[in-house]
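Q: Under this note's numbering, think of the first position of the sequence shown as 9, with each following residue one higher.
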Amino acid sequence: VQEFERRGARVLCAYTGGLDFSMPMTNYMARDTGEGIVDAVVNLTGFSLVGGPASQDAKKSKEVLMKFNRPYLVSIPLVFQ
């Protein structure tokens, strides 16, 4: 996070206790249109954007990410997808 900030990126940290990580993105990091107000999203959880190790909602994830229109990076290369 500090390295992103040092390079001039706007950094917002968010977490949710549920398995729908799209909610913090749409509630705190997006305009009313769904487009992101941050430079990129970095997933530090190891889970997919929507869902956990047992099930995922790829359709909802794709819809949110298409509207968000920002790079989405996963820090853990072997996520449960």
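Here a beta-carbon is modelled for each residue, glycine too, at the ideal position from N, C-alpha and C.
Let's see if you can read the secondary structure: which residues bound the alpha helix (DSSP H) around V82?
A: V82 -> not in any alpha helix (DSSP H); beta strand (DSSP E) instead, spanning Y80 to V82.
Q: My output table needs one value for A66: the three-state DSSP class, helix, strand or coil.
A: Helix, per DSSP.
Q: For R18 versus D47, is the C-beta distance shorter than 9 Å?
A: Closer than 9 Å, so yes.
Q: What span of residues does the alpha helix (DSSP H) with N35 cover, start to end?
A: Note, N35: alpha helix (DSSP H), S30 to Y36.
Q: Leaving out the 5 sequence neighbours to the left and right, which residues in its chain are closer than 6 Å to V82 when beta-carbon positions are compared?
A: Hits under 6 Å: N51.
Q: Contact defined as beta carbons within less than 8 Å: I believe T53 pairs with F76. What is the distance between those atoms, to the nearest angstrom?
A: Actually they do not touch by this definition, with Cβ atoms about 17 Å apart.
Q: What does the Cβ neighbour count give for S69, buried or exposed, with the cut at 16 atoms within 10 Å?
A: Buried, because 16 or more other Cβ atoms sit within 10 Å of the Cβ of S69.
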